[in-house]
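UniProt numbering applies: residue 1 is where the sequence shown begins, and numbers increase by one.
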Amino acid sequence: MTGSNNKTRDITSNRKYLIKNARGQAAYKARMREAGYKQIAVWVREDVREAGRQAGLESDALLSGAAQHDPLGWMVGFAEGLRQREKKDSNPQ
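Have a look at this one:
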């Protein structure tokens, strides 16, 4: 019977955690909306994002042919590459 009680206790504490987490997420979303943000989900092609990242690392802003199919994915990768390059330039080891 002890195992059964532990399992019930685990389920109950997990449920409480999920409810608390959901409330926190809802409050966060409400604050962000009040601040003027809108949450969206975006699908990007990984190969195009990686091409953009490489371009950002090399500081080559020319769009590749792959970027024509997914310009947002390329720009996300480009921004990541620029950020990585700036970190590397600011910390020359």
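Even glycine gets a Cβ: it sits at the ideal position worked out from N, Cα and C.
In or out: residue i buried (at least 16 other Cβ within 10 Å) or exposed?
{"i": "residue 105", "result": "Residue 105 falls outside the range modelled here, since the chain spans only 1 to 93, and no answer is possible."}
{"i": "V48", "result": "buried"}
{"i": "R83", "result": "exposed"}
{"i": "A51", "result": "buried"}
When the distance is taken between beta carbons, is residue j closer than 9 angstroms to residue i?
{"i": "G73", "j": "A67", "result": "yes"}
{"i": "A55", "j": "G77", "result": "yes"}
{"i": "H69", "j": "R53", "result": "no"}
{"i": "S59", "j": "R33", "result": "no"}
Going straight from the alpha carbon of residue i to that of residue j, what length do you get?
{"i": "A35", "j": "N6", "result": "43 angstroms"}
{"i": "D89", "j": "G81", "result": "12 angstroms"}
{"i": "K87", "j": "I40", "result": "28 angstroms"}
{"i": "A26", "j": "W43", "result": "23 angstroms"}
{"i": "I19", "j": "M75", "result": "37 angstroms"}
{"i": "Y37", "j": "N21", "result": "21 angstroms"}
{"i": "I11", "j": "K29", "result": "27 angstroms"}
{"i": "L62", "j": "N91", "result": "26 angstroms"}
{"i": "N14", "j": "P71", "result": "41 angstroms"}
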